[in-house]
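Q:
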Amino acid sequence: MEKKSILVIEDDQEINLLLKSILEQENYQVTSAYSGSEGILRIENSDYNLILLDLMLPGMTGEELLEKIRANGNQTPVMVISAKQDIAEKVKVLRLGADDYITKPFNSEEVLGRVEVQLRHGASISPKGKKLIHWRDLQMDTEKREASLQGKTLSLTNAEFDILTLFMRQPEHAFSKKEIYENVWDGPYYGDDNTVSVHVSNLRKKLGQINSDEYIKTVWGVGFIMV
């Protein structure tokens, strides 16, 4: 079986080597970059299954690099690992297109668990059930992991794709944030850290760029439902 390829972009040599060691012990193929500019060069020249990204980088900040990645249409899963613990900072990074966010100091088991989730979601493996899903003028191919609205391609991150898949499989069900988090991130939900809300907001924005009609409604006190 081909090894999954992971790019670690972290300027602290000790942390970079620690992450590399943790991941290589699980048989991942790991490439290191020590600055934002080096990271973007590696991304432009090679394909990766996952990117681990620090925010405070020399040359180009992690936020700038993430924005550049997504602006180029690259939907490789990005997991931010940063010492920045402010909720507003986390929300900002998720809105830029990060798929997950871990704060330093980190636990190696948590890192490996979240890496596994991101790689599983990005593996283009069809979830149980129909491969083609339709709702109004939305269409999804869960095997190819492609989505379109009114025939126009939607460029979605892994988390956005999985949230939309969850909604479209049960369009008449109002999903709580807890349900969404546990289905999409495959882990326990410990309370509202805005992760779900930000990804749903990003999803709405992308739908709205094609059609201003409402597709995802907020059910106050409950969560979200397709309309």
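Position in the sequence shown counted from 1, then plus 48, gives you our numbering.
The C-beta atom is built at its ideal place from N, Cα and C for all residues, glycine as well.
(1) Is H221 helix, strand or coil when you go by DSSP?
(2) Can you grab the Cα-Cα spacing for the pair V246 / P236, in whole Å?
(3) Shortest alpha-carbon distance to E115 belongs to which of L67, G84, K132, N93?
(4) Within the chosen definition, does the stretch 126-136 reach the stretch 99-110 through at least 3 CB pairs nearer than 8 Å?
(5) Short check: CB of L197 to CB of L251, under 8 Å?
(6) Can you look up E158 in the DSSP assignment and give me helix, strand or coil?
(7) Assign R193 to buried or exposed, taking buried as 16 or more other Cβ atoms, counted over all protein chains shown, within 10 Å of its Cβ.
(8) Please report the Cβ distance between Q123 and T243, rounded to the nearest whole angstrom; I am assuming they are in contact, meaning their Cβ atoms lie under 8 Å.
(9) Using DSSP bridges, identify the partner residues of Q187.
(10) Which partner residues does S130 have in the DSSP bridge list?
(11) Report the rounded CA-to-CA distance for D60 versus D185, giving the unit in angstroms.
(12) Mind checking G110: buried by the 16 CB within 10 Å criterion, or exposed?
(13) Label H169 either buried or exposed according to how many other C-beta atoms from any shown protein chain fall within 10 Å of its C-beta, with 16 as the threshold for buried.
(14) For I70, I'd like the list of residues in its chain whose CB is within less than 7 Å of its CB, leaving aside the five on either flank, ordered along the chain.
(15) Please classify E58 as buried or exposed, where buried requires at least 16 other C-beta atoms within 10 Å of its C-beta.
(16) Looking at the structure shown, is T213 part of a helix, part of a strand, or coil, going by DSSP?
(17) By Cβ distance, which residues of its chain are closer than 7 Å to R162, with the 5 residues on each side in sequence left out?
(18) Could you name the residues of the same chain whose beta carbon sits closer than 8 Å to that of K51, not counting the 5 residues immediately before and after it, in chain order?
A: Taking the structure as given:
(1) coil
(2) 18 Å
(3) G84
(4) yes
(5) no
(6) helix
(7) buried
(8) Not confirmed; about 18 Å, so no contact.
(9) H182, S196
(10) T151
(11) 47 Å
(12) buried
(13) buried
(14) S156, V159, L160
(15) buried
(16) helix
(17) M127, D148, I150
(18) N75, Y76, Q77
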